[in-house]
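Participant:
2 protein chains.
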Amino acid sequence: MNVTHDKDAALDAALTLFWTKGYASTSLKDLERATGMHPGSLYAAFGSKAKLYCLSLERYTQAISAAREKAQETSTSVLEGLATFIEHAHPVSAGIAPLPVCFLVKATLETCQGNEAIDAKLSELLNQNEMLFADIYQDAADKGELPKSSDPKRLARQLTADLAGLCFYALRAKDSSAIGGMIADLADRVRRPRLSD
Amino acid sequence: MNVTHDKDAALDAALTLFWTKGYASTSLKDLERATGMHPGSLYAAFGSKAKLYCLSLERYTQAISAAREKAQETSTSVLEGLATFIEHAHPVSAGIAPLPVCFLVKATLETCQGNEAIDAKLSELLNQNEMLFADIYQDAADKGELPKSSDPKRLARQLTADLAGLCFYALRAKDSSAIGGMIADLADRVRRPRLSD
DNA sequence: GGTCAAATTGAGCGATCACTCAATTTGTAA
DNA sequence: TTACAAATTGAGTGATCGCTCAATTTGACC
Numbered sequence: 001m002n003v004t005h006d007k008d009a010a011l012d013a014a015l016t017l018f019w020t021k022g023y024a025s026t027s028l029k030d031l032e033r034a035t036g037m038h039p040g041s042l043y044a045a046f047g048s049k050a051k052l053y054c055l056s057l058e059r060y061t062q063a064i065s066a067a068r069e070k071a072q073e074t075s076t077s078v079l080e081g082l083a084t085f086i087e088h089a090h091p092v093s094a095g096i097a098p099l100p101v102c103f104l105v106k107a108t109l110e111t112c113q114g115n116e117a118i119d120a121k122l123s124e125l126l127n128q129n130e131m132l133f134a135d136i137y138q139d140a141a142d143k144g145e146l147p148k149s150s151d152p153k154r155l156a157r158q159l160t161a162d163l164a165g166l167c168f169y170a171l172r173a174k175d176s177s178a179i180g181g182m183i184a185d186l187a188d189r190v191r192r193p194r195l196s197d
Numbered sequence: 198m199n200v201t202h203d204k205d206a207a208l209d210a211a212l213t214l215f216w217t218k219g220y221a222s223t224s225l226k227d228l229e230r231a232t233g234m235h236p237g238s239l240y241a242a243f244g245s246k247a248k249l250y251c252l253s254l255e256r257y258t259q260a261i262s263a264a265r266e267k268a269q270e271t272s273t274s275v276l277e278g279l280a281t282f283i284e285h286a287h288p289v290s291a292g293i294a295p296l297p298v299c300f301l302v303k304a305t306l307e308t309c310q311g312n313e314a315i316d317a318k319l320s321e322l323l324n325q326n327e328m329l330f331a332d333i334y335q336d337a338a339d340k341g342e343l344p345k346s347s348d349p350k351r352l353a354r355q356l357t358a359d360l361a362g363l364c365f366y367a368l369r370a371k372d373s374s375a376i377g378g379m380i381a382d383l384a385d386r387v388r389r390p391r392l393s394d
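As you go down the protein sequences, you meet chains A and B in turn.
Each step along the first sequence adds one to the number in the numbering used here, with nothing skipped, and position 71 is 71.
Every position in the second sequence, counted from 1, becomes a number in the numbering used here once 197 is added.
Have a look at this one:
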């Protein structure tokens with residue numbers, strides 16, 4: 001009894017699985033169960049476990065970029081859009097994601113050594129994301145939302161690190177009110193960046 | 198040709214291996230090579246891979262706590278001690294560790310599901326560490342280094358998250374000068390906490 | 001209904017996984 | 001030197017790993 005497969009749905013299922021379990025701990029048996037595809041079909045469609053993982057990383061990045069752009073469009077200012085994204089659309093706050101952790105952050109700390117193609121894809125997506133933050137801060141500076149003296153790349157670095165730290169804390173903490181406070185704090189820091197140093 | 202083993206040395210080797218490769222990606226073959234112990238000896242000495250991992254987590258926590266205490270003792274104030282620790286003794290800055298990432302942070306993002314004993318041990322050590330930070334901030338407040346209104350637990354949460362974010366960034370970044378700047382920024386924030394909010 | 005290329009199937013490949021235990025070697029003490 | 005408990009050895013356990021491919025089923029066109 002063969003079944004015609006929906007590659008997009010299968011990719012979403014794989015993304016959820018990799019996101020929650022990690023790369024090494026996700027077996028092909030897990031992927032078969034989650035996607036409903038037999039090993040031959042999985043390999044015909046995606047090539048290998050590593051390639052499927054890379055596709056999952058890309059899928060995730062696209063989805064989160066779209067969420068960020070949407071937050072940007074519905075906001076009155078550039079920094080407000082960024083803060084809104086953090087407060088309502090980022091995995092750490094949205095409550096929709098399988099884990100309250102950016103998939104790229106988790107993947108970075110897990111994979112750092114091993115498959116070369118995965119590391120390269122991860123670097124590409126992370127750099128791309130940080131450059132996007134830098135562009136946003138540059139845009140904010142151009143529109144007068146930031147002092148002329150501010151350094152968009154530095155702000156982008158700090159935001160990347162701050163989001164990663166928040167993700168880490170959200171994953172392990174049981175006290176969700178503390179997380180809420182930390183999210184609010186970060187969003188506030190984005191809205192009104194420190195001028196010191 | 199039998200060899201008498203040094204359990205402490207073997208544990209150190211295991212720690213380095215788990216720290217760099219992660220739990221799931223470290224095989225018993227890897228551990229055999231690194232410790233020089235055959236599987237039977239490893240099991241006689243440590244019980245199982247999971248137990249050896251837990252012991253590694255404990256060993257790491259002990260070592261880093263000792264480094265923090267030392268920084269505390271050689272400093273003129275509580276907050277200065279904490280900042281010095283971050284700048285010179287934490288894995289992210291010390292340059293001695295196998296990776297510029299706190300082992301507990303990496304382990305948390307990798308393991309989060311799976312072996313129950315590991316998760317419990319990880320939670321225990323992370324909570325213990327955060328409570329230690331809170332004690333330090335409380336001590337600083339008692340000694341007048343912080344305003345009476347400051348919340349030691351909140352500061353401890355934020356420091357935990359900030360260190361995790363820094364670790365994440367240090368692991369992936371190629372630009373070490375940027376990392377140096379971020380470490381200095383964090384140490385500075387510890388020395389002179391923001392009074393806002 | 002007949003034909004055929006494309007998609008799906010799933011048993012099974014060799015490799016590796018965490019782990020065991022009977023056999024051997026070692027250190028100690030009489 | 002002998003005796004014996006403790007430590008070490010490493011071949012081997014069954015399970016599972018990522019992955020392949022010949023056989024089967026499907027859907028599109030005539």
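Virtual Cβ for every residue (Gly too), placed ideally from N, Cα, C.
Since the model is a prediction, treat every value here as computed from it, not as a measurement.
1. Whole angstroms is fine: what's the gap from B:Ala-211's alpha carbon to A:Ala-107's?
2. Look at the alpha carbon of A:Ala-117 and the alpha carbon of B:Ser-222, and state the distance between them as a whole number of angstroms.
3. Kindly list the residues whose CB is nearer than 8 Å to the CB of B:Lys-267, restricted to its own chain and excluding five residues on each side of it in sequence; keep chain order.
4. State the DSSP-derived secondary structure class of A:Gly-114, mapped to helix, strand or coil.
5. State buried or exposed for B:Met-328, treating a residue as buried only when at least 16 other CB atoms are found within 10 Å of its CB.
6. In chain B, which residues lie with their C-beta within 8 Å of the C-beta of A:Val-105?
7. Taking only the alpha-carbon atoms, compute the straight-line gap between A:Ala-141 and B:Ser-272 and give it to the nearest angstrom.
8. For B:Leu-252, would you say it is in contact with chain A, using Cβ-to-Cβ distances shorter than 9 Å as the test?
9. Is B:Arg-230 close to chain A, meaning its C-beta is less than 9 Å from at least one C-beta of that chain?
10. Using 8 Å as the Cβ pair cut-off and three pairs as the minimum, do the segment 16-24 of chain A and the segment 82-101 of chain A touch?
11. What does B:Ser-320 reach in chain A if we use C-beta pairs closer than 8 Å?
12. Quick one, are the C-beta atoms of B:Leu-306 and B:Glu-255 less than 9 Å apart?
13. Just to confirm before moving on: does the CB-CB distance between A:Ala-164 and B:Phe-365 stay below 9 Å?
14. On a CA-only basis, which of A:Asn-2, A:Gly-40, A:Ser-48 and A:Leu-79 is nearest A:Pro-147? Give me that one, please.
15. Tell me the rounded alpha-carbon separation between A:Ser-77 and A:Ala-134.
16. Does any C-beta atom of chain A lie closer than 9 Å to the C-beta of B:Leu-360?
17. Which residues in chain A sit within 9 Å of B:Leu-323, going by Cβ to Cβ distance?
18. Using the C-alpha atoms, what's the distance from A:Ala-67 back to A:Ala-94?
19. Check whether the Cβ atoms of A:Ala-10 and A:Gly-40 lie closer than 9 Å to each other.
20. Enumerate in chain order the residues of its own chain whose CB-to-CB distance from A:Ala-34 is below 6 Å, with the five nearest sequence positions on each side excluded.
21. Tell whether a beta-carbon distance below 9 Å holds between B:Ala-353 and B:Tyr-334.
22. Quick one: give me the first and last residue of the alpha helix (DSSP H) that B:Tyr-220 is part of.
23. Let me know the secondary structure DSSP gives B:Arg-362 once reduced to three states.
24. Do A:Tyr-60 and A:Leu-104 count as a contact pair if the criterion is CB distance below 9 Å?
25. Between which residues of its own chain and A:Leu-82 is the CB-CB distance below 7 Å, once the five residues before and five after are set aside?
26. Count the other C-beta atoms from every protein chain shown that fall within 10 angstroms of the C-beta of B:Thr-201, then say buried if there are 16 or more, exposed otherwise.
27. I'd like to know whether the C-beta of A:Ser-177 is nearer than 9 Å to at least one C-beta of chain B.
28. Could you name the residues of chain B that A:Ala-24 contacts, counting a contact when the two beta carbons are closer than 9 Å?
29. Taking only the alpha-carbon atoms, compute the straight-line gap between A:Pro-91 and A:Leu-122 and give it to the nearest angstrom.
30. How long is the line joining the alpha carbons of B:Glu-229 and B:Ser-347, rounded to whole angstroms?
31. Measuring alpha carbon to alpha carbon, tell me which residue in B:Gly-311, B:Glu-284 and B:Ala-260 is nearest B:Leu-383.
Facilitator: Per the coordinate set shown:
1. On the second sequence, position 14 is the one that residue 211 of chain B refers to. On the first sequence, position 107 is the one that residue 107 of chain A refers to. In this structure, the straight-line span from the alpha carbon of B:Ala-211 to that of A:Ala-107 is close to 22 Å.
2. Reading the first sequence from its first residue, position 117 is the one you call residue 117 of chain A. Reading the second sequence from its first residue, position 25 is the one you call residue 222 of chain B. B:Ser-222 has its alpha-carbon roughly 17 Å from the corresponding atom of A:Ala-117.
3. For this step, residue 267 of chain B is matched to residue 70 along the second sequence. If we look at B:Lys-267 and ignore the five residues flanking it on each side, its Cβ neighbours are Ala-286.
4. Working through the first sequence from its first residue, we reach residue 114 of chain A at position 114. Of the three classes helix, strand and coil, the one that applies to A:Gly-114 here is coil, per DSSP.
5. What you label residue 328 of chain B is simply residue 131 of the second sequence in a count that begins at 1. So B:Met-328 counts as exposed.
6. By 1-based counting over the first sequence, the position of residue 105 of chain A is 105. Taking the beta carbon of A:Val-105 as reference, the chain B residues within 8 Å of it are Leu-306 and Phe-365, listed in sequence order.
7. In the first sequence, the residue the question calls residue 141 of chain A occupies position 141. In the second sequence, the residue the question calls residue 272 of chain B occupies position 75. Looking at the two C-alpha atoms, the distance is approximately 40 Å.
8. As a first step, residue 252 of chain B must be located in the second sequence, where it is residue number 55. It does not: the Cβ of B:Leu-252 has no partner Cβ on chain A nearer than 9 Å.
9. Translated into the one-based positions of the second sequence, residue 230 of chain B becomes position 33. By this cut-off, B:Arg-230 is not an interface position.
10. Taking a cut-off of 8 Å for Cβ pairs, the segment 16-24 of chain A and the segment 82-101 of chain A touch, as three or more such pairs fall below it.
11. To locate residue 320 of chain B, count along the second sequence from 1; it is residue 123. Within 8 Å Cβ-Cβ: Arg-172.
12. Counting from one through the second sequence, the residue named residue 306 of chain B turns up at place 109. Counting from one through the second sequence, the residue named residue 255 of chain B turns up at place 58. Cβ atoms of B:Leu-306 and B:Glu-255: not closer than 9 Å.
13. In the first sequence, the residue the question calls residue 164 of chain A occupies position 164. In the second sequence, the residue the question calls residue 365 of chain B occupies position 168. Between A:Ala-164 and B:Phe-365, the CB-CB gap stays under 9 Å.
14. Against the first sequence, residue 147 of chain A aligns to sequence position 147. Residue A:Leu-79 is the option with its Cα nearest to A:Pro-147.
15. Numbered from 1 along the first sequence, position 77 holds the residue referred to as residue 77 of chain A. Numbered from 1 along the first sequence, position 134 holds the residue referred to as residue 134 of chain A. Taking C-alpha positions only, A:Ser-77 is separated from A:Ala-134 by approximately 16 Å.
16. As a first step, residue 360 of chain B must be located in the second sequence, where it is residue number 163. For B:Leu-360, the answer is yes, since a Cβ of chain A falls inside 9 Å of its Cβ.
17. Here residue 323 of chain B refers to the residue found at position 126 when the second sequence is read from its first residue. The answer, in chain order, is Arg-172.
18. Looking up residue 94 of chain A in the first sequence gives position 94. Looking up residue 67 of chain A in the first sequence gives position 67. About 10 Å.
19. Within the first sequence, the letter at position 10 stands for residue 10 of chain A. Within the first sequence, the letter at position 40 stands for residue 40 of chain A. Contact: no.
20. Within the first sequence, the letter at position 34 stands for residue 34 of chain A. Residues of the same chain with a CB within less than 6 Å of the CB of A:Ala-34, apart from the 5 flanking positions on each side, are Ala-13 and Leu-17 in chain order.
21. As a first step, residue 353 of chain B must be located in the second sequence, where it is residue number 156. As a first step, residue 334 of chain B must be located in the second sequence, where it is residue number 137. In this structure, B:Tyr-334 lies closer than 9 Å to B:Ala-353 by Cβ.
22. Counting from one through the second sequence, the residue named residue 220 of chain B turns up at place 23. DSSP places B:Tyr-220 in no alpha helix (DSSP H); its state is neither H nor E.
23. Position 165 of the second sequence, counting from 1, holds the residue named residue 362 of chain B. In the sequence under discussion, the amino acid at residue 362 of chain B is Gly, which differs from the Arg named in the question. Under the three-state reduction of DSSP output, B:Gly-362 falls in the helix class.
24. Walking along the first sequence from the start, residue 104 of chain A turns up at place 104. Walking along the first sequence from the start, residue 60 of chain A turns up at place 60. Closer than 9 Å, so yes.
25. Working through the first sequence from its first residue, we reach residue 82 of chain A at position 82. Excluding residues up to 5 positions away in sequence, Ile-136 and Val-190 lie with their Cβ nearer than 7 Å to the Cβ of A:Leu-82 in the same chain.
26. Walking along the second sequence from the start, residue 201 of chain B turns up at place 4. Residue environment analysis places B:Thr-201 among the exposed positions, since fewer than 16 neighbouring C-beta atoms fall within 10 angstroms of its C-beta.
27. Counted from its first residue, the first sequence places residue 177 of chain A at position 177. False, the Cβ-Cβ gap to chain B never drops below 9 Å.
28. Counting from 1 along the first sequence, the entry for residue 24 of chain A is found at position 24. Chain-ordered, the chain B residues with CB closer than 9 Å to the CB of A:Ala-24 read Gly-219, Tyr-220, Ala-221, Ser-222 and Glu-307.
29. Within the first sequence, residue 91 of chain A is the residue found at index 91, counting from 1. Within the first sequence, residue 122 of chain A is the residue found at index 122, counting from 1. Straight-line spacing of the CA atoms in A:Pro-91 and A:Leu-122 works out to 18 Å.
30. For the purposes of this step, residue 229 of chain B is taken as the residue at position 32 of the second sequence. For the purposes of this step, residue 347 of chain B is taken as the residue at position 150 of the second sequence. Whole-angstrom Cα-Cα distance: 50 Å.
31. Mapped onto the second sequence, residue 383 of chain B falls at position 186. Between B:Leu-383 and the set B:Gly-311, B:Glu-284 and B:Ala-260, the nearest pair of CA atoms involves B:Glu-284.
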